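**Student:** Heads up, the sequence shown is in our numbering, so the first residue is 1 and it goes up one at a time.
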Amino acid sequence: MKKVMFILIVIALSFASAFSMGRVGQVPSVSIPQDIERGRVYYIVRVDARVEALPHIIRRLNLDVMGNYQGYLYLLLRASEVRALYASHIPYQFVSIEREKVSLPKERRVRAQAANGPYHSYLEVQKELSDLEKDYPGIVKLYDIGDSVEGRDILAVKISDNVATEEDDEVDCFFVGCHHAREWISVEVPLMLARYLAEHYSDNREIKDVVDNSEIWIVPLLNPDGLEYTINVFRWWRKNRRDNGNGLFGVDLNRNYDFMWGIDDIGSSPNPASNVYRGPSPLSEPESQAVAQLFTSHNFRVALTYHSYAQVILYPWGYTVEPTPDYRLFSFLGDTMASLMSAVHGRWYYAVPGGSGFYFTNGEFTDWAYGKYGTLAFTVELPPVSLMQGGFINADSDITSIFEENLPAALYLIKWAIANK
Ligand code: 0X9
Ligand code: CA
Ligand code: ZN
């Protein structure tokens, strides 16, 4: 009993001193008790971005950078990583403590009040898509394009006239959301796009023209296992839920495509613990395989992949600073979409190549779609603009306005594809 009390006091004191370091300028002097890690606790800490050794240490320890703000990088760390950072003599400050829940409730039904509020869970996406097909059978068809690691269905809707027929004279367009589990808004935008196209087919001439002259494929939820994990267990999960062994989970689906896969350890990581782990081999994951399967059977002229956050539009290459042969076209389309988006509510977006303008990636979706299939593919990093505006969290009341500002750009890209097939 005494021993238990003692341990509790030690833990309490460690927490107290941890939080007292919130003040700027102090050098931390705390070590984290080993056993806290077993309770699945994560720490958000911030480090002065000017610390010279930082990029090296982030890479060596495979740390998850959640964002940077006003000269600080914000890192999401396990206790062992906090200790490693401490051992590297990097000054840091605790920002918050994040807890993982222990057990994952199995989803059985669509909840009236879902755990993720107005955002969609896996079952709610499934219901929304099958309702769309039921309500608009002439122009919406639901496809099961594969199973996730944990066996959930990966669903696509095709939206077009004569939807059951592959009309080869019509250009194919691809939209996808939720490569990354914690980016909830990236599910909502393509889902609302599907609903908008279906609902306004009969009362909006522009939408009818778009739908009649193209074949629009929308996969709003590529990573259903990850999404459920963020709803039920740990809000900051990014990867899929592959069991990598040794208690480590997840492959970054946006590093798993078979183009420039793993060409270096900067744009992706070979370490299964990393948040940008590329997997054991190219296309090792059923989720990225489902996308690849769709690309081998259709000729996508354009593609948009939704992520969050940053309010930027990124285009290839992500693996190098070299420009693509289509640099001028990419930047024209990217700039046009950025100004269409910015004009709706005055929330500013800008367009840049992924690698030279943002950071390096390899085995990433847009490089793959363009490099392998010639598809003009763009990443849209949805709002907010920074971590301090909410990072991966968007207010419920912002969902609609974020969709509204993304709609004209999506329609523009489809219309461009129709005119330039
Ligand atoms: O890193 C990613 O996969 C994407 N950003 S996110 O913060 N949502 O994870 C960006 C992918 C494309 N960007 C680059 N090639 N840099
Ligand atoms: Ca058609
Ligand atoms: Zn992402």
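All residues carry an ideal CB built from backbone N, CA and C; glycine is no exception.
Note that the structure is a prediction, hence the values are computed from the model and not measured.
1. Taking all protein chains shown into account, decide if residue 179 is buried (16 or more other Cβ within 10 angstroms of its Cβ) or exposed.
2. Which first and last residues belong to the alpha helix (DSSP H) in which residue 286 is found?
3. Have a look at residue 253 and residue 283 and give me their C-alpha separation to the nearest angstrom.
4. What residue from 76, 404 and 418 has the CA that sits closest to residue 193's CA?
5. Under 8 Å, with one C-beta from each stretch per pair, do the segment 311 to 322 and the segment 378 to 388 reach the 3-pair mark?
6. Between the segment 237 to 246 and the segment 131 to 139, can you find at least three pairs of beta-carbon atoms closer than 8 Å?
7. Could you give the residue range of the alpha helix (DSSP H) that holds residue 373?
8. Can you say whether residue 23 is buried or exposed, counting buried as having 16 or more other CB atoms within 10 angstroms of its CB?
9. What do you get for residue 16, buried or exposed, if any count of 16 or more other CB atoms within 10 angstroms of its CB means buried?
10. Confirm, please, whether the CB-CB distance from residue 375 to residue 300 is below 8 Å.
11. Quick check: is any heavy atom of ligand 2 less than 7 Å from the C-beta of residue 162?
12. Return helix, strand or coil for residue 407, following the three-state DSSP convention.
13. What residue does the alpha helix (DSSP H) around residue 227 start on, and which one ends it?
14. For residue 172, which residues of its own chain have a beta-carbon under 6 Å away from its beta-carbon, when the five flanking residues on both sides are left out?
15. Are there 16 or more other CB atoms within 10 angstroms of the CB of residue 243, so buried, or fewer, so exposed?
16. The beta strand (DSSP E) that contains residue 212, what's its start and end?
17. Hey, how far is the Cα of residue 329 from the Cα of residue 360?
18. How big is the Cα-Cα spacing for residue 415 and residue 212?
19. Note down, in chain order, each residue of its chain lying with its Cβ closer than 6 Å to the Cβ of residue 369, except the 5 sequence neighbours on either side.
20. Tell me which residues share the same chain as residue 120 and place their Cβ nearer than 6 Å to its Cβ, disregarding the 5 neighbours each side in the sequence.
21. Report the three-state DSSP secondary structure of residue 23 (helix, strand or coil).
22. For the segment 216 to 226 against the segment 153 to 161, do three or more pairs of beta-carbon atoms, one drawn from each stretch, fall closer than 8 Å, so that the two count as touching?
23. Going along the chain, which residues of its own chain have a beta-carbon closer than 7 Å to the beta-carbon of residue 200, five neighbours each way excluded?
24. In or out: residue 64 buried (at least 16 other Cβ within 10 Å) or exposed?
25. Identify which residue in 91, 355 and 406 has its Cα closest to the Cα of residue 73.
26. Tell me, to the nearest whole angstrom, how far the beta carbon of residue 371 is from that of residue 259; I am working on the premise that it is less than 8 Å.
27. Got a sec? Which residues, its chain only, sit under 8 Å from residue 125 by beta carbon, not counting five neighbours each side?
28. Compute the distance between the beta-carbons of residue 69 and residue 386, then report whether it is under 8 Å.
29. Kindly indicate which three-state DSSP category residue 8 falls into: helix, strand or coil?
30. If you compare alpha carbons, which of 89, 346, 198 and 320 is closest to residue 47?
31. Pull up the CB-CB distance for residue 78 and residue 42, whole angstroms please, since I reckon it's below 8 Å.
32. Comparing the CB of residue 89 with every heavy atom of ligand 4, is any distance shorter than 7 Å?
33. Give a single yes or no on whether residue 249 has its beta carbon closer than 7 Å to a heavy atom of ligand 1.
**Tutor:** Let's see:
1. buried
2. 286 to 297
3. 9 Å
4. 404
5. yes
6. no
7. 365 to 373
8. With a pLDDT of only 34 at residue 23, under the threshold of 50, the placement of this residue in the model should not be trusted; the figure read from the coordinates follows. Its Cβ having fewer than 16 others within 10 Å, residue 23 is exposed.
9. Note that residue 16 scores 36 on pLDDT, short of 50, meaning its location in the model is unreliable; the coordinates nonetheless yield the value given after this. Exposed: under 16 other Cβ atoms inside 10 Å.
10. yes
11. yes
12. helix
13. 224 to 232
14. 215, 298, 299 and 300
15. exposed
16. Per DSSP, residue 212 belongs to no beta strand (DSSP E); it is in the alpha helix (DSSP H), 205 to 213.
17. 21 Å
18. 11 Å
19. 303, 375 and 377
20. 187
21. Low per-residue confidence applies at residue 23: pLDDT is 34, beneath 50, and the placement is therefore not dependable enough to give any value.
22. yes
23. 207
24. buried
25. 91
26. 4 Å
27. 155, 187, 191, 220, 221 and 224
28. yes
29. At residue 8 the pLDDT is 40, less than 50, meaning the model places this residue with poor confidence and gives no usable figure here.
30. 89
31. 6 Å
32. Annotation note on ligand 4: not contained in the displayed structure, which lists ligand 1, ligand 2 and ligand 3 as its ligands.
33. no
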